[in-house]
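Below you'll find the structure, written out as structure tokens, and then a few comments.
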Amino acid sequence: MNLRDSIKYLFSYKIAGETFIKLNTKKAFKNFKPPKSWRTDILAPPLKTGVYTKEIIAKHYLEGRYVNGVKPVAWVTSGAPIEILKALGFYILYPENHGALCGARKAALEISEEAEKKGYSMDICSYARTDIGSILSKKTPVGKLPKPDLLLCCTNICQTVLYWYRVLAEYYKVPLIVIDTPFVYDEAKEHDIEYVKKQLEASIDVSEMVAKKSLSFTKLKEIVKLSKMAAELWLEIMSSNKNIPSPISVFDQFIHMAPIVEKRGDAVTVDFYSKMLKEIKERIKNGIGAVKNEKKRVLWDNLPIWYKIKFLSEFLAEHGVSVVASTYTNAWGELAPMMDIERPIESMARTYTYPILNRGTGHKLKTMEMMVKEFDLDGAILHSDRSCKPYSVGQVDQRLKLLNELGAAALLLEADHNDPRAFSDEQSKSRLKAFVEMME
Amino acid sequence: MLHIDIPSRKEVIEKAKSEGKKIAAIYPIHYPRELFRSFNIQPIEVWGPPKTDTKKANAHLQSYICSVVQSGLAFYLEKQLDIADIIAVPHSCDSLQGLGSIFKDFINPKHELITIYLPREKNKENVEFLSNELKRIYKQLSEFCGFSPSSEKLMEEIKKEEEIDEIVDKLYRIRENLPLSSRGFYAILRSREYLSPDEFKSKLEYILLHASKGRLKKTGVVFSGLLPEPMEIFDIIDEMDCFVAMDDMACCMRRVYGKGNSDDPFERMAERIVNGPPDPTKGNSFNERFGFLKSLIEISGAKGIVFYNVKFCEPEYFYHPILKEKLSKAGIKSLIIETDINEPISQQTITRIKAFTEMLRENEQ
Ligand code: SF4
Ligand code: SF4
Chain A
1 MNLRDSIKYL
11 FSYKIAGETF
21 IKLNTKKAFK
31 NFKPPKSWRT
41 DILAPPLKTG
51 VYTKEIIAKH
61 YLEGRYVNGV
71 KPVAWVTSGA
81 PIEILKALGF
91 YILYPENHGA
101 LCGARKAALE
111 ISEEAEKKGY
121 SMDICSYART
131 DIGSILSKKT
141 PVGKLPKPDL
151 LLCCTNICQT
161 VLYWYRVLAE
171 YYKVPLIVID
181 TPFVYDEAKE
191 HDIEYVKKQL
201 EASIDVSEMV
211 AKKSLSFTKL
221 KEIVKLSKMA
231 AELWLEIMSS
241 NKNIPSPISV
251 FDQFIHMAPI
261 VEKRGDAVTV
271 DFYSKMLKEI
281 KERIKNGIGA
291 VKNEKKRVLW
301 DNLPIWYKIK
311 FLSEFLAEHG
321 VSVVASTYTN
331 AWGELAPMMD
341 IERPIESMAR
351 TYTYPILNRG
361 TGHKLKTMEM
371 MVKEFDLDGA
381 ILHSDRSCKP
391 YSVGQVDQRL
401 KLLNELGAAA
411 LLLEADHNDP
421 RAFSDEQSKS
431 RLKAFVEMME
Chain B
441 MLHIDIPSRK
451 EVIEKAKSEG
461 KKIAAIYPIH
471 YPRELFRSFN
481 IQPIEVWGPP
491 KTDTKKANAH
501 LQSYICSVVQ
511 SGLAFYLEKQ
521 LDIADIIAVP
531 HSCDSLQGLG
541 SIFKDFINPK
551 HELITIYLPR
561 EKNKENVEFL
571 SNELKRIYKQ
581 LSEFCGFSPS
591 SEKLMEEIKK
601 EEEIDEIVDK
611 LYRIRENLPL
621 SSRGFYAILR
631 SREYLSPDEF
641 KSKLEYILLH
651 ASKGRLKKTG
661 VVFSGLLPEP
671 MEIFDIIDEM
681 DCFVAMDDMA
691 CCMRRVYGKG
701 NSDDPFERMA
711 ERIVNGPPDP
721 TKGNSFNERF
731 GFLKSLIEIS
741 GAKGIVFYNV
751 KFCEPEYFYH
761 PILKEKLSKA
771 GIKSLIIETD
781 INEPISQQTI
791 TRIKAFTEML
801 RENEQ
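Sequence order for the protein chains is A and B.
Residues 1 to 440 (our numbering) are what the first sequence spells out, left to right.
Residues 441 to 805 (our numbering) are what the second sequence spells out, left to right.
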């Protein structure tokens, strides 16, 4: 730990920063009202607990500005097993989440172009391009990102992250831990789980070396417990959308999922989702639906189109369509039951092998079919995300099955989660319109 | 120039069938040929094929999936793989993972479907994992074929492959003494994608016999990427008084594995693949890949590298900028070309290759 960095961290983040952010939250909570541009004619007001989402994220990135030299920093992939790092006191940054934030703030294109100028192809994942562009140009809407001391890449979302993290390791010259999770075509085999477990065990040594301390298994269990609790709450929040009308939309979930990704294993996340659940229950009690005139209920598959959330949410709400379930947001909750606090490493090996993105196209279809039934859905929007091959391959068949076997309207919407060049307003509008008509 | 007759895939398949062998259609990239052979199965690799009409694949794949996977699926849908008994899809990248999954969940081929997961790092644990994965496949093949080859049989097939790898390695090292055009040389090397080991070995030995003491008075280039399709690309290089002196291609050099150490056949097959040459799909580090490319340049005396990339191939894309920079710092010139294996070579590609090879030649003089 560096003394100068620690003093700076203490004053700029702990004392001044945190206090300022907390005061802002308090004020925002007290004077809560929807933003001026909010379409109150078609949408319920935003969740009041959403002010805490902003607080958690603002604090997280502010801490990131001052954390180097104070805590060890790890950059990790979104589905990575972070519990060991958390127990060792790492500050954790998720480049994908940072990418999503750049996308939502419409800054991703400019930043990606910095990577493209250096020769990174337009055809690689736009999260990777945003991240690499941000490293090369230092551009970021959050001020400054901390430098990593360690990289943790888990292939349970895609193979792309493996190449992307090689690039990061080359830029930052820091150790890279790879947790390679065999793809689950139907069921994971025992040797698959054993392989992941061994890698997790091996990762402890490297992480301890970087953190300069030893792992406490009591602390690890505590983190796993908090991680599981937050995931269970998140699952309950998503399940509450089985209610008709649906209290929140998937677009709300996209915004409020940041803590479950970024702050998994923290007490603050459990507290936050408990508050949110309470507010949602209140909405259900009062018959409030996210879309005021909910006529049709649909599913969202694949990543959000971050730069078009408002556009999509309003366009669909105008037509009385509420997007109530999503395979994407579900991914951060569905595995909660697999976590075993008493057997953290073994259960992590299993849990982190089973995310939807590491499972076959048939499993994803089953998940969608289950959602169509349980959430009483009329249709599904499958975002065909040019950047994300593992999520998108299989959608052509999945769409047909939903259409032919369940009789659900199903739309393949061509776009990219972070690159607006792959999205056409006009074309999307007319396709969405046809989709809505199909449900009538 | 030496002329060697190479039977077509179709001829090889017919012959194998008449000998009572089963046929396995195998998608790219890494798999142990020896494992299939010990079951009397003839592996026939499906690298595309190029110039396939991929319209049929649109029923399952989006347009942003690479042409290798598009063609591979379209070829199946055209019933061109009906002759095969087995389809095997190694897990090389996200797109091939998707193809394997679509086969299993939506297409349901009548064939026996085998998926192979390949570990990504070079270490002991990964050898152990792959060895277990190969045991799983062995079991599946045993059930399918109705018999279980002995360890001795497996070892015998492994040793055959190791011997062939050794000869191929030797040929690479004396490439400039071989009276073969780039296309001629690679047509032979790539016949390993479907020939039996004995037949392939006899072709290699024939070439060895004809290795001259002279030297091709041409400028060498290293060719890197997944596969050299369309193969006419080599004619353009040769026309410029250059030749492909060495390669870093998934279909060729990246699968010239070293000898294994273990006496256990599964472990030995796993060692060979895991410890094989660096490959972007295995996620090797930049230093490994750079070191390997540099050694290829040194061994072959080549003057530059052509990265020939299949459009939408993420594994390759990620490496280019940094590799290019490292190579340039080491004084090695490189060129990146993008290709779709189903399209004819564009005029722009021809011009760029010509300009690049011309520059290499001028630098050499
Ligand atoms: S390819 Fe898909 S899963 Fe992988 S980093 Fe990009 S968006 Fe995420
Ligand atoms: S060309 Fe690239 S993306 Fe396509 S199958 Fe081969 S490795 Fe995968």
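Each residue gets a CB set at the ideal place from its N, CA and C atoms; glycine is no exception.
All values reported here derive from a predicted model rather than from experimental measurement.
Of all Cβ atoms in chain A, is any one closer than 9 Å to the Cβ of residue i?
i: B:Glu-583; result: no
i: B:Phe-752; result: yes
i: B:Arg-449; result: no
i: B:Ser-511; result: no
i: B:Cys-533; result: yes
i: B:Gly-538; result: yes
i: B:Gln-502; result: yes
i: B:Pro-559; result: yes
i: B:Asp-719; result: no
i: B:Phe-640; result: no
i: B:Pro-755; result: yes
i: B:Ala-875; result: This structure leaves residue 875 of chain B out entirely; chain B is present only between 441 and 805.
i: B:Ala-499; result: yes
i: B:Asn-566; result: yes
i: B:Lys-415; result: Residue coverage of chain B in this structure runs from 441 to 805, which leaves residue 415 of chain B outside it and unanswerable.
Nearest chain B C-beta to residue i closer than 9 Å, yes or no?
i: A:Tyr-185; result: yes
i: A:Ala-80; result: no
i: A:Val-393; result: yes
i: A:Val-206; result: no
i: A:Trp-164; result: yes
i: A:Thr-327; result: no
i: A:Gln-427; result: no
i: A:Tyr-13; result: no
Give the straight-line distance between the Cα atoms of residue i and residue j, rounded to the nearest whole angstrom.
i: A:Leu-277; j: A:Val-70; result: 34 Å
i: A:Lys-221; j: A:Val-184; result: 27 Å
i: A:Ile-193; j: A:Glu-346; result: 8 Å
i: A:Val-73; j: A:Thr-130; result: 20 Å
i: B:Gly-741; j: A:Lys-118; result: 29 Å
i: B:Ser-725; j: A:Lys-86; result: 27 Å
i: B:Glu-804; j: B:Arg-560; result: 38 Å
i: A:Glu-170; j: B:Gly-723; result: 13 Å
i: B:Phe-809; j: B:Tyr-467; result: Look at the range of chain B in this structure, 441 to 805, and you will see that residue 809 of chain B is not part of it.
i: A:Glu-294; j: A:Lys-22; result: 35 Å
i: B:Lys-600; j: B:Phe-706; result: 15 Å
i: A:Phe-32; j: B:His-470; result: 58 Å
i: A:Ile-356; j: A:Leu-109; result: 28 Å
Below 8 Å on the Cβ atoms is my guess for residue i versus residue j; work out the distance and round it to an integer in Å.
i: A:Ala-380; j: A:Ala-408; result: 6 Å
i: B:Ala-514; j: B:Lys-496; result: 5 Å
i: A:Gly-289; j: A:Ser-322; result: 7 Å
i: A:Ser-274; j: A:Leu-233; result: 6 Å
Using alpha carbons as the reference points, say which of the options lies closest to residue i.
i: A:Leu-88; options: A:Val-206, A:Ala-422 and A:Pro-304; result: A:Val-206
i: B:Glu-474; options: B:Asn-724, B:Val-750 and B:Met-595; result: B:Met-595
i: B:Glu-679; options: B:Lys-544, B:Glu-798 and B:Ile-527; result: B:Glu-798
i: B:Tyr-757; options: B:Gly-771, B:Glu-778 and B:Leu-513; result: B:Glu-778
i: A:Asp-419; options: A:Arg-386, A:Pro-148, A:Leu-402 and A:Glu-314; result: A:Arg-386
i: A:Glu-426; options: A:Gly-362, A:Leu-312, A:Trp-332 and A:Thr-367; result: A:Leu-312
i: A:Cys-158; options: B:Leu-536, B:Lys-658 and B:Leu-442; result: B:Leu-536
i: A:Ser-227; options: A:Lys-263, A:Cys-125, A:Ser-6 and A:Cys-388; result: A:Lys-263
i: B:Ala-528; options: B:Phe-747, B:Tyr-626, B:His-760 and B:Phe-476; result: B:Phe-476
i: B:Ala-413; options: B:Leu-521, B:Asp-605, B:Thr-492 and B:Lys-450; result: Nothing in the structure corresponds to residue 413 of chain B, since chain B is present only between 441 and 805.
i: B:Ile-547; options: A:Ala-115, A:Ser-137, A:Asp-397 and A:Ala-107; result: A:Asp-397
i: A:Met-370; options: A:Leu-402, A:Lys-389 and A:Ser-384; result: A:Leu-402
i: A:Thr-49; options: A:Met-257, A:Tyr-94, A:Cys-154 and A:Ala-434; result: A:Met-257
i: B:Cys-753; options: A:Lys-389, A:Met-1 and A:Trp-38; result: A:Lys-389
According to DSSP, which residues form a beta bridge with residue i?
i: B:Met-441; result: None, per the DSSP bridge assignment.
i: A:His-383; result: A:Leu-413
i: A:Trp-75; result: A:Leu-93 and A:Leu-151
i: B:Ile-465; result: Checking the sequence shown, residue 465 of chain B turns out to be Ala, not Ile. In DSSP, B:Ala-465 forms a bridge with B:Ile-484 and B:Ile-527.
i: A:Val-178; result: A:Cys-153
i: B:Tyr-748; result: B:Gly-665 and B:Ile-777
I want to check one thing, is the minimum distance from the CB of residue i to the heavy atoms of ligand 4 below 8 Å?
i: B:Thr-721; result: This structure lacks ligand 4; its bound ligands are ligand 1 and ligand 2.
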